[in-house]
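Take a look at the structure below.
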Amino acid sequence: MNLNISGHHLEVTPAIREYVTSKIERVVRHFDNVIDATVILSVDKLQHKAEVTVHVSGKDIHVEAIEEDLYAAIDVLMDKLDRQVVKHKEKQTAHRGEALKHQAVVEE
């Protein structure tokens, strides 16, 4: 998985980079078909914004969170992303099962 972390009006320190990397590993544990992820961290006055776009097979998932603390924004962001990825995975497995259910059975 390719991970790109950038900051707008914010320097991405090694501590922030490590925190984001450790949080996004949780998402990869749920769904291993993640191709790449782009994380954008930005500061606008008193609002800290965290955005992520995850490219999985067949879909791009975009999530954003705004909080007063950057670490809180990252936590909320990863919780939202985790729910979206699990939802996407459940849809894929449900559709895969539907294809098997509707196959014609040939009796001999």
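Using my numbering, you'd call the opening residue of the sequence shown number 84 and step up by one each time.
Ideal Cβ positions, reconstructed from N, Cα and C, are used throughout, including at glycine.
query, result
"Those residues which DSSP pairs with G90 across a bridge", "L124"
"Unbroken stretches of the beta strand (DSSP E), 3 residues or longer, contained in the segment 94-124", "none"
"Contact the segment 134-153 vs the segment 106-126: 3+ CB pairs below 8 Å", "yes"
"Three-state secondary structure assigned by DSSP to D143", "strand"
"Among V103, V117 and L153, the one whose alpha carbon lies nearest that of M84", "V117"
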